[in-house]
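Beneath this line is the structure, given in structure tokens, with notes to follow.
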Amino acid sequence: MHEQEGLINKKGCTKGANVMQSGRLVLDIKEAAHALSISPWTIRRYISDGKLKPIRIGRRVLLEPSELQRLVEVGRKPRVRADVQ
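Heads up: the sequence shown at position 32 corresponds to 355 in our numbering, and the numbers run straight through without jumps.
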């Protein structure tokens with residue numbers, strides 16, 4: 324595919340930052356985990372906890388790149404501590 328451009332490594336997994344610009348409509352759990360540099364189990368936990376909203380097609384669990392971007396943006400916002408006045 325776009326191996327020369329660095330979008331896909333030898334294992335067929337898209338690379339991190341390039342995932343958002345690859346034009347792909349959806350990513351599987353492994354690709355999403357690779358894009359965020361976290362484990363697939365963390366992605367599954369985020370889905371279970373409601374932090375990520377997946378698309379389910381048959382038995383496949385997929386995520387839109389915009390959903391990953393939303394998670395990153397939420398993580399950028401500073402948390403407000405209750406004990407700070």
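All C-beta atoms in this analysis are idealised placements derived from N, C-alpha and C, irrespective of residue type, glycine included.
Secondary structure of residue i, DSSP reduced to three states
i            : result
arginine 404 : coil
valine 349   : coil
serine 389   : helix
Pair within 8 Å by beta-carbon distance, residue i and residue j
i              : j              : result
leucine 359    : leucine 391    : yes
isoleucine 319 : valine 384     : Because the chain in this structure spans residues 324 to 408, residue 319 falls outside the shown range and cannot be described.
isoleucine 378 : valine 403     : no
arginine 367   : isoleucine 352 : yes
Range of the contiguous alpha helix (DSSP H) that encloses residue i
i              : result
isoleucine 370 : 363–372
Run of the beta strand (DSSP E) containing residue i, from where it starts to where it stops
i           : result
leucine 386 : 383–386
Per DSSP, the bridge partner or partners of residue i
i            : result
arginine 379 : Val384
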